[in-house]
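In my numbering, the protein residues as written are 592 to 748.
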């Protein structure tokens, strides 16, 4: 095995659970921080109502309803995502929010939205990983499943 191959083989030792945790935590923090800008204490800020009426205006959804729904979602879904509880549904909901923002609010910000969407899509597709409440509670269909083993020397498993 070459020196390069040995270095690359070390990456296989990164636990899938750690990767899945990162895929959950970082997009969750983006939405959590956004949600925190919309409230003061337990009340939605006047500026939030204004933004949803004028800048974030969506077709078919009244601005008042959109403001409440988005603010609530940006507080609840990131917590669920970080805990790994109802993970795939939480990631899917945040992915849908990302699509709405991309299509109707900031269509020119596709790079930023892509950076949010990619980890959320990975979580929807692959699940929350071993370090999640879904795994502990058996909600991901893999209760007691062992994390993927690191490959053995020579590349076989």
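C-beta: ideal position from N, C-alpha, C; glycine also.
Go to residue 722, then tell me how far its alpha helix (DSSP H) extends in each direction, as first and last residue. No alpha helix (DSSP H) contains residue 722, which DSSP labels as neither H nor E.
What distance in whole Å lies between the Cβ atoms of residue 660 and residue 654, which are believed to be in contact at a cut-off of 8 Å? Not confirmed; about 11 Å, so no contact.
Return the bridge partner residues of residue 634 from the DSSP annotation. In DSSP, residue 634 forms a bridge with 631.
Run the CB neighbour count on residue 628, radius 10 Å, all protein chains shown included, and call it buried at 16 or more, exposed below. Its Cβ having fewer than 16 others within 10 Å, residue 628 is exposed.
Applying the criterion that 16 or more other CB atoms from any shown protein chain within 10 Å of the CB defines a buried residue, is residue 698 buried or exposed? Counting Cβ neighbours within 10 Å, residue 698 comes out exposed, since fewer than 16 surround it.
When you compare each of 646, 641, 689 and 731 to residue 664 by their alpha carbons, which one comes out closest? Taking only the C-alpha atoms, the option nearest residue 664 is 689.
Does the distance from the CB of residue 676 to the CB of residue 725 come in under 8 Å? Yes.
My output table needs one value for residue 763: the three-state DSSP class, helix, strand or coil. The requested residue 763 does not occur in the structure, where the chain is confined to residues 592 to 748.
Any idea if residue 692 is buried or exposed, counting beta-carbon neighbours within 10 angstroms, 16 or more meaning buried? That one is buried.
With distances taken Cα to Cα, identify the nearest neighbour of residue 622 among 681, 640 and 599. Cα-wise, what sits closest to residue 622 is 681.
I need the straight-line Cα distance from residue 608 to residue 715, nearest angstrom please. Taking the straight line from one Cα to the other gives about 15 Å.
When burial is assigned at 16 or more other CB atoms within 10 Å of the CB, is residue 602 buried or exposed? Exposed, because fewer than 16 other Cβ atoms sit within 10 Å of the Cβ of residue 602.
Under a three-way DSSP split, which group does residue 676 fall into? If DSSP states are grouped into helix, strand and coil, residue 676 belongs with coil.
Determine the burial state of residue 611: buried for a count of at least 16 other Cβ atoms within 10 Å of its Cβ, exposed for fewer. Buried is the call here.
Count the other C-beta atoms from every protein chain shown that fall within 10 angstroms of the C-beta of residue 709, then say buried if there are 16 or more, exposed otherwise. Counting C-beta atoms within 10 angstroms of its own C-beta, residue 709 has fewer than 16 neighbours from the protein chains shown and is therefore classed as exposed.
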